[in-house]
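Numbers in my numbering are just positions in the sequence shown, counted from 1, shifted up by 989.
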Amino acid sequence: MHARYEQTNALSGSCSDKDAQAGHCYGGQARVATIVKQARAADPNVLVLNAGDMYQGTVYYSVFKSSISAEFINIMKYDAITLGNHEFDDKTVGLVPFIEQLKVPLVVANADFSQQPELNKLNIKKSVVVEKGGVKIGIIGYLTPETAFLSSPENVVFLDEVEALKAEAAALKAQGVNIIIGLGHSGYDKDKVIARKVPDIDIVVGGHSHSFLFGKSATDAPPDSDVPVGLYPTWIEQASGRKVPVVQAYAFTKYMGSLKLKFDANGELTNLEGGPILLNKDVEEDKDTLAEVLKWKSQLDEKVLQPIGRTTVLLDGSSCRRQECNLGNLIADAFVYSRAVNVRSEKGWTDAAIALVNGGSIRESIDASSVGGTITLKDVMEVMPFDNLEVLLRIRGTVLLQALEHGVSEYVPGQAWKGAFLQLSGVHVVYDVSRPAGQRVVSAEVRCESCTIPSYAALDPNALYGVIVSGFLAGGGDGFSMLENNEGALRLENTATGCTAPRPWP
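Have a look at this one:
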């Protein structure tokens, strides 16, 4: 759900009064609660599941952290939840309070917490058995091993999902549990692999890739503008000929997945009906849950609605994972500017003329028309919700070149880019993505720091450069291992603060 507590607009951002009055807003916890309550009232044999990533995505999480996430998880009384990669964004210290507040089962089968004692002592299970209508149902959790570089899991070790699920499913079968659900946060492609390779699994409920699945055939028209990437469910055939359904319900609480399943006495699936439910204006907001949301909103507004700037253009954050974007330029330039005006260098105009910002850290756009031209702290925190410190590194040109190469190393034509694509300040770079990975930088020029008038010159592999990055990148996040363990690293300030600090407004 990515911290979507209020209803959101069509871009999963803040819902303005104008959009709300026009009925152009979606989701929110109050609509989720309506569907959950209706389902439970209609049938006692209902399972309500959550596939992770409760953290991050809006200013609610930036301000309230795990406390608000845990409260709404408990309000929904999920039968089971699993962790997403973003639950590790604030490291162990940010995850422990969340788990301690939970009143619902948390399941993760493919994570080894033994080297992280604060987590190892908590009630994290590989699976949970729920009884409905006298029938035992096993729910096994899993999480992408890519969390190791997508987030900050410290000493948690992630194991292969398929092998972990095979072992836990076999253990449940041995206990007489004949219906087994995989509940995971590894993405649609991995969900299909799991459905194919784990013989004892009956259904896979996934997350992470934000995949919108819809219809029984490709000709079925979806209820809104979202384009399906597959059918709901997606049927996967195992080597034995047995078929396993895979489901996922997009993201941001815009939809809720709904399935009605029938099993025979041996626990084999015999019938399936359902699909994603669009949580639009036609779904009434549950009054009790909405009241809780508004309590949090009142506290939030007191903290984050002060104006800090203006814009007359759309600051686009939607394209930053695949190309240069104006919001990425602004953020990277703000990093350099903040350092230059606050710390005087003896040798030139600054000691850090370069900034690197991973596109995946930019989570929202700022639309001048919807904010009336005024930018608030809330807008900035929604764009950059991660509680990251800026870090100043001193790195050789060879390392900077490696970072530039890594930013485009996973480009595949026609596929979505991951978060490693770099937004830059102080670097002019030309890429040729038709070349093999690691050989895609055609040319790179960098801005001088030991100079009185900034200018650009060809990147020198042997020169030392002052480079400002987030703490996430400095720790090797998104695969930038070449930036990790830099002995001269200097911690600066919170990234959102760095963007807002340079000068007051108006």
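We put the beta carbon where it would ideally sit given N, CA and C, even for glycine. In this text the structure is predicted, and so the values were computed from the model without any measurement.
Practice prompt. Determine the direct distance from the alpha carbon of L1111 to that of I1088, and round the result to whole angstroms.
Written response: Residue 1088 sits at position 99 when you count from the first residue of the sequence shown. Residue 1111 sits at position 122 when you count from the first residue of the sequence shown. Their Cα atoms are separated by approximately 7 Å.
Worksheet item: Whose CA, out of L1294, T1071, A1100, lies closest to the CA of T1363?
Response: Sequence index remark: in the sequence shown, residue 1363 carries index 374 (1-based). Among L1294, T1071, A1100, the Cα nearest to that of T1363 belongs to L1294.
Item to complete: Check the C-beta distance from L1091 over to I1062 and give it rounded, since I have them as a contact under 8 Å.
Response: Translated into the one-based positions of the sequence shown, residue 1091 becomes position 102. Translated into the one-based positions of the sequence shown, residue 1062 becomes position 73. Confirmed, Cβ separation roughly 6 Å.
Fill in: Coil, strand or helix - F1252 by DSSP
For this step, residue 1252 is matched to residue 263 along the sequence shown. Reduced to three states, the DSSP call for F1252 is strand.
Worksheet entry | Beta-carbon spacing of A1098, Y1131 below 8 Å | As a first step, residue 1098 must be located in the sequence shown, where it is residue number 109. As a first step, residue 1131 must be located in the sequence shown, where it is residue number 142. Contact flag set, yes.
Discussion item. I need the boundaries of the alpha helix (DSSP H) containing K1080, first residue and last residue.
Written reply: Indexing the sequence shown from 1 puts residue 1080 at position 91. From DSSP, the alpha helix (DSSP H) with K1080 extends over 1080-1090.
Worksheet item: Going along the chain, which residues of its own chain have a beta-carbon closer than 8 Å to the beta-carbon of D1340, five neighbours each way excluded?
Response: Numbered from 1 along the sequence shown, position 351 holds the residue referred to as residue 1340. Excluding residues within five positions, the ones whose Cβ falls inside 8 Å are R1328, V1332, S1334, L1381, E1438, G1455.
Practice prompt. Please check the pair E1274 and G1073, which I expect to be a contact at CB under 8 Å, by giving their CB distance rounded to whole angstroms.
Written response: Reading the sequence shown from its first residue, position 285 is the one you call residue 1274. Reading the sequence shown from its first residue, position 84 is the one you call residue 1073. Actually they are not in contact, since the Cβ atoms of E1274 and G1073 sit about 25 Å apart, beyond 8 Å.
Practice prompt. Out of T1301, I1343, A1478, S1056, state which residue places its alpha-carbon closest to the alpha-carbon of E1434.
Written response: Within the sequence shown, numbered from 1, the residue matching residue 1434 stands at position 445. Selected option, being the one with the closest Cα: I1343.
Discussion item. Considering Cα atoms alone, identify which of D1189, G1264, V1193, L1258 is closest to Y1221.
Written reply: As a position in the sequence shown, residue 1221 is number 232, starting the count at 1. That would be G1264, whose Cα lies nearest to the Cα of Y1221.
Worksheet item: Roughly how many whole angstroms lie between the Cα atoms of L1393 and V1422?
Response: Here residue 1393 corresponds to residue number 404 of the sequence shown, with the count starting at 1. Here residue 1422 corresponds to residue number 433 of the sequence shown, with the count starting at 1. Straight-line Cα distance between these residues: approximately 12 Å.
Worksheet item: Which partner residues does E1379 have in the DSSP bridge list?
Response: Position 390 of the sequence shown holds residue 1379. Partner(s): S1459.
Worksheet item: For Q1412, does the three-state DSSP call read helix, strand or coil?
Response: Working through the sequence shown from its first residue, we reach residue 1412 at position 423. Looking at Q1412 - three-state DSSP - the assignment turns out to be strand.
Practice prompt. Put L1294 into one of helix, strand or coil per three-state DSSP.
Written response: By 1-based counting over the sequence shown, the position of residue 1294 is 305. Coil, per DSSP.
Discussion item. Can you give me the C-alpha to C-alpha distance between M1373 and S1001, rounded to a whole angstrom?
Written reply: Residue numbering aside, residue 1373 sits at position 384 when the sequence shown is read from its first letter. Residue numbering aside, residue 1001 sits at position 12 when the sequence shown is read from its first letter. Looking at the two C-alpha atoms, the distance is approximately 15 Å.
Worksheet item: Residue ranges of each beta strand (DSSP E) run of no fewer than 3 residues wholly in the stretch 1272-1348, ordered along the chain?
Response: 1296-1299, 1343-1347
Practice prompt. Please report the residue range of the alpha helix (DSSP H) in which R1185 lies.
Written response: In the sequence shown, the residue the question calls residue 1185 occupies position 196. Run containing R1185: 1177-1186, per the alpha helix (DSSP H) assignment.
Worksheet item: When burial is assigned at 16 or more other CB atoms within 10 Å of the CB, is Q1391 buried or exposed?
Response: Here residue 1391 refers to the residue found at position 402 of the sequence shown. Buried is the call here.
Discussion item. For L1148, tell me which candidate among F1102, D1068, S1116, G1123 has the shortest Cα-Cα distance.
Written reply: By 1-based counting over the sequence shown, the position of residue 1148 is 159. It is F1102.
Worksheet entry | Cut-off 6 Å between Cβ atoms - residues of its own chain near K1251, not counting five sequence neighbours on either side | Position 262 of the sequence shown holds residue 1251. If we look at K1251 and ignore the five residues flanking it on each side, its Cβ neighbours are T1259, N1260.
Item to complete: Tell me whether the beta-carbon of Q1412 lies closer than 8 Å to the beta-carbon of V1346.
Response: Reading the sequence shown from its first residue, position 423 is the one you call residue 1412. Reading the sequence shown from its first residue, position 357 is the one you call residue 1346. Yes, they are a contact pair.
Discussion item. Using the three-state DSSP reduction, which class does E1257 fall into: helix, strand or coil?
Written reply: Counting from 1 along the sequence shown, the entry for residue 1257 is found at position 268. DSSP places E1257 in coil when its eight states are reduced to three.
Item to complete: Report the rounded CA-to-CA distance for R1492 versus L1319, giving the unit in angstroms.
Response: Taking the first residue of the sequence shown as 1, we reach residue 1492 at position 503. Taking the first residue of the sequence shown as 1, we reach residue 1319 at position 330. Annotation note: pLDDT 40 at R1492 (below 50); position unreliable, no value reported.
Practice prompt. Could you spell out the range, first to last residue, of the alpha helix (DSSP H) harbouring S1058?
Written response: Sequence index remark: in the sequence shown, residue 1058 carries index 69 (1-based). That run of the alpha helix (DSSP H) goes 1055-1065.
Worksheet entry | Straight-line gap, P1134 to E1150 (C-alpha atoms, nearest Å) | Looking up residue 1134 in the sequence shown gives position 145. Looking up residue 1150 in the sequence shown gives position 161. Straight-line Cα distance between these residues: approximately 8 Å.
Worksheet item: Which runs of the alpha helix (DSSP H) fall wholly inside the stretch 1097-1129 and span at least 4 residues, in chain order?
Response: 1106-1109
Worksheet entry | Of the residues G1465, K1249, L1479, the one placed nearest E1143, counting alpha carbons only | Working through the sequence shown from its first residue, we reach residue 1143 at position 154. It is G1465.
Discussion item. I need the DSSP call for L1095, collapsed to helix, strand or coil.
Written reply: Here residue 1095 refers to the residue found at position 106 when the sequence shown is read from its first residue. Residue state, collapsed to three classes: strand.
Worksheet item: Taking the Cβ atom as the reference point for each residue, do S1116 and L1161 lie within a distance shorter than 8 Å?
Response: Within the sequence shown, the letter at position 127 stands for residue 1116. Within the sequence shown, the letter at position 172 stands for residue 1161. For S1116 and L1161, yes; Cβs fall inside 8 Å.
Worksheet entry | Residues near S1308 by beta carbon distance below 7 Å, same chain, minus five either side | Within the sequence shown, the letter at position 319 stands for residue 1308. Contacts found: C1314.
Worksheet item: DSSP on T1023, reduced to helix/strand/coil?
Response: Counting from one through the sequence shown, the residue named residue 1023 turns up at place 34. If DSSP states are grouped into helix, strand and coil, T1023 belongs with the helices.
Worksheet item: Can you tell me whether DSSP reads V1037 as helix, strand or coil?
Response: Against the sequence shown, residue 1037 aligns to sequence position 48. DSSP places V1037 in coil when its eight states are reduced to three.
Worksheet item: Hey, how far is the Cα of D1180 from the Cα of L1378?
Response: The residue labelled residue 1180 in the question sits at position 191 within the sequence shown. The residue labelled residue 1378 in the question sits at position 389 within the sequence shown. Whole-angstrom Cα-Cα distance: 34 Å.
Practice prompt. Going by CA-CA distance only, name the one from D1356, F1138, F1375 that's closest to L1472.
Written response: Taking the sequence shown and counting its residues from 1, the one referred to as residue 1472 is at position 483. Residue F1138 is the option with its Cα nearest to L1472.
Practice prompt. Please classify K1367: does DSSP put it in a helix, a strand, or coil?
Written response: Locating residue 1367 in the sequence shown gives position 378, where the first residue counts as 1. K1367: helix per DSSP, three-state reduction.
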